Structure formats: structure tokens, C-alpha cells
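Below: the structure, in C-alpha cells.
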Amino acid sequence: MTIPDFEICTFEDHDGWQKLPGKIVYGGRYVQVEECHFRTPARPGEDIPWTVAHRVPAVAVAAFTEDGKFVLVHQERLPVKRALWEFPAGQIDDGETRESIIATVLRELDEEAGVEALPGAEFTPLGWFFASQGFTSEHVYLFAVGPMRIVRAPQPVGGEHIGEVRLVTPDELRHLVASLIIQDALSLALFARLSARGMV
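For the sequence shown, position 72 matches number 72 in UniProt numbering, and the numbering has no gaps at all.
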């Protein structure tokens, strides 16, 4: 499998943007909360206080079959007390490199949807998006991958629960978005990128 070339999201100081040393006030496995100060190009002489939640980056994947259907999973989301129809997604656990990002894509498709790549499958990078940019540095890499095929039932890990895997046509996907059935930011951002590329 060829690893596609794509840009990695970084947060170094640049062009008048500067993050001053801060203090971690909560440090969990997946989320750290930091009290810190920033300087910006518009306010170079001012130390601006802010609270930032640092979260492990993630991927979201629009996997599609040979006949052009997209893979969706029906997943429990405990914080919002709902089961939602979503594109497969997951956090990058092994550092933020192209290799680890693609490995996460394949792992999440296997665990959450039970799908594998057919010979000649291609990975199309669709950039990244910021999940809640006023609060967190979390960013999610977006991909379209296919053709894929379902080979087994989902095997989620880490306390997750996936009740069903569904294949939908582009028209059905648009209907799910328009009728507010798809509600999560990952899937909505991925749908927007697919739409902008003329892929749905």
C-alpha cells in the first residue's frame, strides 16, 4: 500500500502568533487542559489569557464500495446520550505521522465497520478540520477510501458500542444530512469536503 502525501497539521509559533508557557491544570490520557497566554499579530504587546483543551488528533473516513455506496456506523455517544449515524472515525494513538494516520484509518475501518480494502483501493486525503477551535486544539484528518468491502461484524474496543453498519448511496447520504439524522461534526465536515470535491 502506498502512503499518500498530505500535509500534517502543526501549531508552531509563526508570523506574530506566539503561545507563552502555560500550566496543565488537568492531565488525562486523551485530554489535557492548559491555562496559558497568547500573543497575536493583531495584539503583539498583549498577553491574552486562554484555556485550551488539548486532545489527541483523530481521523474520519468516508469508505465506499465498488458500487459507490458509503459506509456508516450507528454508534453510541455517551456524552450526548444518543446513538448516531456517523462515518467511521477514531483517535491517532501512535504519533502524528503520515504512516500512523493511515494506520489509524485502516484500524478504525476494521474495528468499527468490519471493512477491508479491495486490491487497488486508493486513499484520498481531504485535509483536516478543527472540531471546536475556540476551545480545543483538536483536529481531525479527513479521508475518502475505496473501494472497500464489508468482511465481518464490527469489533469496537475501549467501551464503544456499534449497533449496525449501513451502506448508503450518495443520495441517501445527502438525505441523512439534510434531514438532521447525521448530527456529528466529523461526519458533517467530511460530507462538506466530499461535496466540495463533487464526490457526493
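Even for Gly, the Cβ is constructed at its ideal location relative to N, Cα and C. Predicted, not measured: the structure shown is a model, and the values here were computed from it.
**OP:** Return the first residue and the last residue of the alpha helix (DSSP H) that residue 171 is part of.
**Re:** 170-178
Subject >> Inter-residue CB distance, residue 173 and residue 148 (contact presumed, cutoff 8 Å) >> reply: Not really, about 15 Å apart at Cβ, beyond 8 Å.
Original post:
Tell me which same chain residues have a C-beta within less than 6 Å of the C-beta of residue 49, skipping the five on either side of it?
Top reply: 37
Original post:
Applying the criterion that 16 or more other CB atoms from any shown protein chain within 10 Å of the CB defines a buried residue, is residue 8 buried or exposed?
Top reply: exposed
**OP:** Could you name the residues of the same chain whose beta carbon sits closer than 8 Å to that of residue 154, not counting the 5 residues immediately before and after it, in chain order?
**Re:** 73, 111, 112, 113, 114, 162 and 165
**OP:** Tell whether a beta-carbon distance below 7 Å holds between residue 102 and residue 92.
**Re:** no
Subject >> Cβ-based burial, residue 175 [other Cβ within 10 Å; buried from 16] >> reply: exposed
Original post:
Using a Cβ-Cβ cut-off of 6 Å (strictly less than) and excluding sequence neighbours within five positions of residue 170, which residues of its own chain qualify?
Top reply: 200
**OP:** Determine the direct distance from the alpha carbon of residue 28 to that of residue 40, and round the result to whole angstroms.
**Re:** 28 Å
Original post:
Given that a residue counts as buried once 16 or more other Cβ atoms are within 10 Å of its Cβ, and exposed if not, what is residue 139?
Top reply: buried
Original post:
Which residues bound the beta strand (DSSP E) around residue 130?
Top reply: 115-130
Subject >> Candidates 86, 63 and 157, of which the one nearest residue 123 by Cα >> reply: 63
Subject >> Opposing strand residues paired with residue 48 [DSSP bridges] >> reply: 38
**OP:** Leaving out five residues on either side along the sequence, give the residues of the same chain with a beta carbon under 8 Å from the beta carbon of residue 151.
**Re:** 114, 115 and 116
**OP:** Just tell me which of 32, 14 and 59 has its CA closest to the CA of residue 104.
**Re:** 59
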